[in-house]
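**Student:** Sharing a structure below in structure tokens format, with a few things to ask.
2 protein chains.
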Amino acid sequence: MKTYVSSYQKTEIEMIFSSELIKGTLKTIVLKLLADNKKMYGYEITQTVKELTKDRIQLTEGALYPTLHALEADGLLTTEIEYIGKRVRKYYSLSPKGKSKAKERVNEFTEFVETMQSLLDIKPRLA
Amino acid sequence: MKTYVSSYQKTEIEMIFSSELIKGTLKTIVLKLLADNKKMYGYEITQTVKELTKDRIQLTEGALYPTLHALEADGLLTTEIEYIGKRVRKYYSLSPKGKSKAKERVNEFTEFVETMQSLLDIKPRLA
DNA sequence: TTCAATACATCAAACTCTTATGTATTATTT
DNA sequence: AAATAATACATAAGAGTTTGATGTATTGAA
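Each protein sequence line maps, in turn, to chains Z and E.
Number 9 in numbering that gives the first Met the number 0 belongs to position 10 of the first sequence; there are no gaps in the numbering.
Number 100 in numbering that gives the first Met the number 0 belongs to position 101 of the second sequence; there are no gaps in the numbering.
Right under this line is the structure:
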């Protein structure tokens, strides 16, 4: 009789999600965090996501900064610079347009998940 | 007094999901469908997904065929050609490696969704 | 004083999807 | 009978995103 588990470790050790899955949800994550926190800066976003997901979603700066810039260019975010000593900090906030977009995106994700679950739960030859 | 609904129509009319969301789940969808149906051909996969999701997830052939070829190149799928009259039909099946990959992917997606929900459900300033 | 953490940013290469385009057979409509 | 739609494969240029590296600079900890 086995007294230790040798498989399914992946679900016990914190599994890091393949970047493929995170693709497509990055903007949703950023918009939702900003909706909840009024203003955040880039580095803070990466750390917050790391903490909230126990390291399972790791946003890289190379992906995050271009995304923030794109959201800003779309008029969804506004920015304000702050100095902490001599170090620059760039805070992002949702514009009114950004607020409705945030709701829209979270909504869409929720429905997408429902649709995906109906796809992935289907068992063969039930009838 | 309004007697008709003018907003939230998007959730009543079948919303088509942005391709951004579908990115990263295409392989999962294909692997799961093949796990449930033993063998399927490309066109059949596009139609099945269309039906099962009520047109909300639409796989284009330009995305599907390269993906099938990639999965095959990875040793996850095997193929067999059949002729329906003179028309070619290429059936895909899961290899043993593909079967475990399918479980892995569905599992990963499920956990990813849980993680995302904890991210997206968080409300600000609860304490 | 050296290393790690904080904080911004850019960029080439890689990857994936979109949107045609192409070929060919078969079924349906006009 | 001819035209159109559906079936069924496939590729490929361009677009969009992410990876992974690299860069600059400040601040805190060892």
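C-beta atoms are modelled at their ideal positions from N, C-alpha and C, and glycine is treated no differently.
Is DSSP giving M150(Z) helix, strand or coil here?
**Tutor:** Since the first and last residues shown for chain Z are 0 and 126, residue 150(Z) lies out of range.
**Student:** Taking a Cβ distance cut-off of 9 angstroms, strictly less, list which residues of the segment 42-67 of chain E are near chain Z, in chain order.
**Tutor:** If the cut-off is 9 angstroms between Cβ atoms, the segment 42-67 of chain E has V48, L51, T52, K53, R55 and I56 near chain Z.
**Student:** Taking Cβ positions, are S151(E) and L51(Z) nearer each other than 8 angstroms?
**Tutor:** Since the first residue of chain E shown is 0 and the last is 126, residue 151(E) is not available in this structure.
**Student:** For R88(Z), which of helix, strand or coil comes out of DSSP?
**Tutor:** Three-state DSSP puts R88(Z) in a strand.
**Student:** Determine, using beta-carbon pairs with one atom in the segment 54-74 of chain E and one in the segment 23-30 of chain E, whether at least three such pairs fall under 8 angstroms.
**Tutor:** Counting Cβ pairs under 8 angstroms, three or more are found: they touch.
**Student:** Could you check if G41(E) is buried or exposed, using at least 16 other CB atoms within 10 Å of its CB as the buried criterion?
**Tutor:** With 16 or more other Cβ atoms within 10 Å, it is buried.
**Student:** Under a CB-based cut-off of 8 angstroms, is I80(E) close to chain Z?
**Tutor:** No, its Cβ sits nowhere closer than 8 angstroms to a Cβ of chain Z.
**Student:** What first and last residue would you give for the beta strand (DSSP E) that runs through K53(Z)?
**Tutor:** It is not in any beta strand (DSSP E) - K53(Z) carries neither H nor E in the DSSP assignment.
**Student:** Residues of chain E with a CB under 7 angstroms from the CB of V105(Z): which are they?
**Tutor:** By Cβ distance, chain E contributes L119.
**Student:** Using only the alpha-carbon positions, how far apart do K102(E) and D35(E) sit?
**Tutor:** Computed Cα separation, rounded: 11 angstroms.
**Student:** For L119(Z) versus K100(Z), is the C-beta spacing smaller than 8 angstroms?
**Tutor:** Cβ distance not < 8 angstroms, so L119(Z) and K100(Z) don't count as in contact.
**Student:** Taking the Cβ atom as the reference point for each residue, do T47(Z) and L32(Z) lie within a distance shorter than 8 angstroms?
**Tutor:** For T47(Z) and L32(Z), yes; Cβs fall inside 8 angstroms.
**Student:** Assuming E110(E) and M14(Z) make a contact with CB atoms under 8 angstroms, what is their CB distance in whole Å?
**Tutor:** That belief holds up - the Cβ atoms of E110(E) and M14(Z) are roughly 6 angstroms apart, short of 8 angstroms.
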